[in-house]
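Numbering (our numbering), first residue to last: 392 to 776.
Glycine included, each C-beta is placed from N, C-alpha and C at the ideal position.
It should be emphasised that the depicted structure is a prediction, and the values quoted were computed from it without experimental measurement.
Now the structure itself:
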C-alpha cells in the first residue's frame with residue numbers, strides 16, 4: 392500500500408490524494424454486522440474530501456479496531472493513535488492495512504489526485520515489457536521504452552503499455568492513419584518519427600481504478616476513455632498523462648516529449664530543431680536514385696534526370712501515386728538531361744525529343760512511389776540531423 396504523506400481526519404492536513412487513499416481503504420474494508428446494521432463498508436464514497444462522513448468512518452473504524460481489545464471487545468486507550476485522525480505509520484494506519492480486503496492491499500493514488508487505483512503486479516509489468524520486445528523499434532529506443540515501463544511501475548505501480556499502432560509504423564500505416572478521417576495525425580508517409588522506430592505511444596490499458604463508489608474499472612483502454620469519456624483531458628486523466636511524461640523524460644529513461652497535446656507520445660530526440668519533412672527529403676535522396684528537397688507544403692524532386700527539381704506534391708499524394716508530376720516536367724527533365732549529356736563520337740546528329748505520353752506520366756508517378764518504398768525499407772538508416 393502506498394503510504395500517506397500527511398494526516399487525514401479531524402484536524403488533519405487532509406491533502407486530497409491522502410484523503411482519497413484513506414477513503415478507499417475504508418470503502419474496501421468490511422464492517423461487521425451489528426444489531427440494526429448489516430455488514431458493509433465503513434465508507435461508501437471516494438472523493439478526496441475528508442469531510443464529516445470520512446471523519447465519522449475513521450472514528451467508527453478506530454472504535455472497533457484501534458481503541459478496543461479485540462479479544463474482550465473492551466474499550467481501551469491506544470497511545471499510538473489519535474481519535475478521529477489517521478497519521479502516517481500510526482496505530483490506526485497499521486490496523487487499516489491489516490483489515491482492508493486482501494484484494495486491495497496495494498492501492499495507489501497520484502499526488503494531488505483523487506483517483507485511487509490497484510497497483511499492477513510484477514508479472515503484469517513484465518508482460519508489457521515482453522510486448523515491447525515483440526514490436527518494432529530502433530534498438531536504442533527500445534531500451535528507453537522498456538526503461539519507461541520499468542520506472543512507471545517502480546515509482547507508481549502502473550504497468551503502462553504500447554498503444555495500438557504505437558511502435559514503428561510503415562509508410563502505408565502512416566498513410567492510413569492520416570486518411571482515416573479521425574484527425575489522429577497531420578503527418579504523411581515518412582513524416583512521422585514513428586516511421587523510423589524512434590517514437591512510441593504509451594497508454595494505460597488495464598489500469599484498475601476505483602470509481603467514487605469503490606467499483607473497480609476492469610476495462611480501461613490505453614487512452615483512458617473510461618476515466619475521460621469525452622477525451623477532454625479532465626483533471627484526473629491529466630494527472631496520469633503528466634506523470635507518464637514526467638517519468639518518460641526523466642534522466643532514468645532519457646526520452647523526449649513530442650507535441651504538447653500528444654500526451655501518449657515519447658521519442659528518441661528533442662525535435663525542437665528537427666524538420667521531419669526536410670529529413671524525409673534527405674532520407675529519400677539517400678535511399679533511392681533521385682534527388683529530393685522539401686519546399687513549402689510539398690516535395691521537389693529531379694525525377695531521376697539529375698538536373699532541376701520539380702514540385703511533385705505532398706507525401707500523401709506521392710504515396711497514393713497521385714504526384715503532381717506533368718508531361719511538361721518530364722519533357723523539361725529529359726531535355727536538360729540530353730543537353731548535359733551530348734552524344735559522344737562527334738558527328739552523330741541529336742535525335743528529336745520523343746513526346747511524353749500519359750503512360751509516361753503514370754510511370755513517373757509509380758516511380759516516385761517506388762522511391763518512397765525504398766525509403767520505407769531503409770527506415771533503420773534515417774537520421775534526425
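* Asked: At what residue ranges does the segment 602 to 662 contain a whole run of the beta strand (DSSP E), taking only runs of 3 or more?
  -> For the segment 602 to 662, whole beta strand (DSSP E) runs of length 3 or above, ordered along the chain, are 656 to 658.
* Asked: Excluding five sequence neighbours on each side, which residues of the same chain lie with their C-beta closer than 7 Å to the C-beta of residue 456?
  -> Translated into the one-based positions of the chain shown, residue 456 becomes position 65. Excluding residues within five positions, the ones whose Cβ falls inside 7 Å are 486 and 490.
* Asked: How would you call residue 336, buried or exposed, if buried means at least 16 neighbouring beta carbons within 10 angstroms?
  -> Lying outside 392 to 776, the shown extent of the chain, residue 336 is not represented and no answer is given.
* To do: Closer than 6 Å by C-beta to residue 501: which residues in its own chain qualify, once you throw out the five before and the five after it? Chain order, please.
  => Your numbering for residue 501 matches position 110 in the chain shown. The residues are 630 and 634.
* Asked: In chain order, what residues of the same chain have a beta carbon less than 6 Å from the beta carbon of residue 720, not counting five sequence neighbours either side?
  -> Translated into the one-based positions of the chain shown, residue 720 becomes position 329. Around residue 720: 701.
* Asked: Could you give the uninterrupted runs of the alpha helix (DSSP H) lying entirely in the segment 456 to 544, keeping only those of 4 residues or more?
  -> Segments of the alpha helix (DSSP H) lying fully in the segment 456 to 544: 482 to 490 and 513 to 524.
* Asked: Which two residues bound the contiguous alpha helix (DSSP H) that contains residue 707?
  -> Here residue 707 corresponds to residue number 316 of the chain shown, with the count starting at 1. Its alpha helix (DSSP H) spans residues 706 to 710.
* **Distance CB(residue 600)-CB(residue 591) smaller than 8 Å** => What you label residue 600 is simply residue 209 of the chain shown in a count that begins at 1. What you label residue 591 is simply residue 200 of the chain shown in a count that begins at 1. Taking C-beta atoms as the reference points, residue 600 and residue 591 fail to come closer than 8 Å.
* To do: Please confirm whether residue 557 and residue 593 have their CB atoms less than 8 Å apart.
  => Locating residue 557 in the chain shown gives position 166, where the first residue counts as 1. Locating residue 593 in the chain shown gives position 202, where the first residue counts as 1. Cβ distance < 8 Å, so residue 557 and residue 593 count as in contact.
* Per DSSP, what kind of secondary structure is residue 413 in: helix, strand or coil? -> For the purposes of this step, residue 413 is taken as the residue at position 22 of the chain shown. Collapsing the DSSP output to three states places residue 413 in a helix.
* **Those residues which DSSP pairs with residue 592 across a bridge** => As a working mapping, residue 592 is identified with position 201 in the chain shown. Answer by DSSP bridge pairing, in chain order: 656.
* Asked: Going along the chain, which residues of its own chain have a beta-carbon closer than 8 Å to the beta-carbon of residue 528, five neighbours each way excluded?
  -> Along the chain shown, one-based indexing puts residue 528 at 137. Contacts found: 536, 558, 559, 588, 589 and 591.
* Using a Cβ-Cβ distance under 8 Å, would residue 513 count as near chain D? -> Here chain D cannot be found, since the structure has a single protein chain.
* Report the rounded CA-to-CA distance for residue 782 versus residue 448, giving the unit in angstroms. => Given a span of 392 to 776 for the chain in the structure shown, any question on residue 782 remains unanswerable.
* Asked: Terminal residues of the continuous beta strand (DSSP E) containing residue 555?
  -> Within the chain shown, the letter at position 164 stands for residue 555. No beta strand (DSSP E) contains residue 555, which DSSP labels as neither H nor E.
* For residue 749, does the count of other Cβ atoms within 10 angstroms reach 16, so buried, or fall short, so exposed? -> Locating residue 749 in the chain shown gives position 358, counting from the first residue. Label assigned to residue 749: exposed.
* Do you know how far the Cα of residue 659 is from the Cα of residue 429? -> Here residue 429 corresponds to residue number 38 of the chain shown, with the count starting at 1. Here residue 659 corresponds to residue number 268 of the chain shown, with the count starting at 1. So the alpha carbons of these two residues sit roughly 57 Å apart.
* To do: Tell me, please, whether the segment 502 to 517 touches the segment 402 to 416 by the rule of three or more beta-carbon pairs shorter than 8 Å.
  => Enough Cβ pairs lie closer than 8 Å, so yes.
* To do: Might you give, ordered along the chain, the residues of its own chain that have their beta carbon closer than 8 Å to the beta carbon of residue 415, omitting 5 neighbours on each side?
  => On the chain shown, position 24 is the one that residue 415 refers to. Cβ neighbours of residue 415 beyond the five flanking positions: 437, 495, 498, 500, 507, 601 and 605.
* Under the three-state reduction of DSSP, which class applies to residue 445: helix, strand or coil? -> Here residue 445 corresponds to residue number 54 of the chain shown, with the count starting at 1. The answer is helix: DSSP assigns residue 445 an H, G or I state.
* Taking the DSSP output, what are the residues bridged to residue 550? -> Walking along the chain shown from the start, residue 550 turns up at place 159. According to DSSP, residue 550 bridges with nothing at all.
* **Rounded straight-line distance, which links the Cα of residue 488 to that of residue 670** => Taking the chain shown and counting its residues from 1, the one referred to as residue 670 is at position 279. Taking the chain shown and counting its residues from 1, the one referred to as residue 488 is at position 97. Computed Cα separation, rounded: 55 Å.
* Asked: Skipping 5 residues on each side, what residues in its chain have a beta carbon closer than 8 Å to that of residue 434?
  -> Residue 434 sits at position 43 when you count from the first residue of the chain shown. When the five nearest sequence neighbours on each side are left out, the beta carbons in the same chain lying within less than 8 Å of the beta carbon of residue 434 are those of 414, 417, 418, 444, 445 and 448, in order along the chain.
* Nearest-angstrom Cβ-Cβ length linking residue 479 and residue 395, presumed shorter than 8 Å -> Within the chain shown, numbered from 1, the residue matching residue 479 stands at position 88. Within the chain shown, numbered from 1, the residue matching residue 395 stands at position 4. Confirmed, Cβ separation roughly 5 Å.
* Residues near residue 610 in its chain [Cβ-Cβ closer than 8 Å; skip 5 each side] -> What you label residue 610 is simply residue 219 of the chain shown in a count that begins at 1. The answer, listed in chain order, is 617.
* Can you tell me whether DSSP reads residue 701 as helix, strand or coil? -> Position 310 of the chain shown holds residue 701. The three-state reading of DSSP puts residue 701 in strand, counting E and B together.
* Is the beta carbon of residue 573 sitting closer than 8 Å to the one on residue 586? -> What you label residue 573 is simply residue 182 of the chain shown in a count that begins at 1. What you label residue 586 is simply residue 195 of the chain shown in a count that begins at 1. No. Outside cutoff.
* Spatial neighbours of residue 582 within its chain, please: CB distance less than 8 Å, with the 5 preceding and 5 following residues excluded, ordered by chain position. => As a working mapping, residue 582 is identified with position 191 in the chain shown. The residues are 565, 667, 668, 671 and 706.
* Considering only residues of the same chain and omitting the five flanking positions on each side of residue 718, which have a CB-CB separation below 6 Å? -> The residue labelled residue 718 in the question sits at position 327 within the chain shown. 747 and 752, listed in sequence order.
* For residue 564, does the three-state DSSP call read helix, strand or coil? -> Translated into positions along the chain shown, residue 564 becomes position 173. Helix.
* State yes or no: is the C-beta of residue 579 within less than 8 Å of the C-beta of residue 484? => Locating residue 579 in the chain shown gives position 188, counting from the first residue. Locating residue 484 in the chain shown gives position 93, counting from the first residue. Contact check for residue 579 against residue 484 fails: the beta carbons are separated by 8 Å or more.
* **Distance CB(residue 759)-CB(residue 673) smaller than 8 Å** => Start at 1 with the first residue of the chain shown, and residue 759 comes out as number 368. Start at 1 with the first residue of the chain shown, and residue 673 comes out as number 282. No, these two residues do not count as a Cβ contact at 8 Å.
* Residue range of the alpha helix (DSSP H) that includes residue 685 -> By one-based count along the chain shown, residue 685 stands at place 294. Counting along the chain, residue 685 falls outside any alpha helix (DSSP H), though it belongs to the beta strand (DSSP E) covering 683 to 686.
* To do: Check whether the Cβ atoms of residue 680 and residue 698 sit closer than 8 Å, and answer yes or no.
  => Here residue 680 refers to the residue found at position 289 when the chain shown is read from its first residue. Here residue 698 refers to the residue found at position 307 when the chain shown is read from its first residue. The answer is no: Cβ separation not under 8 Å.
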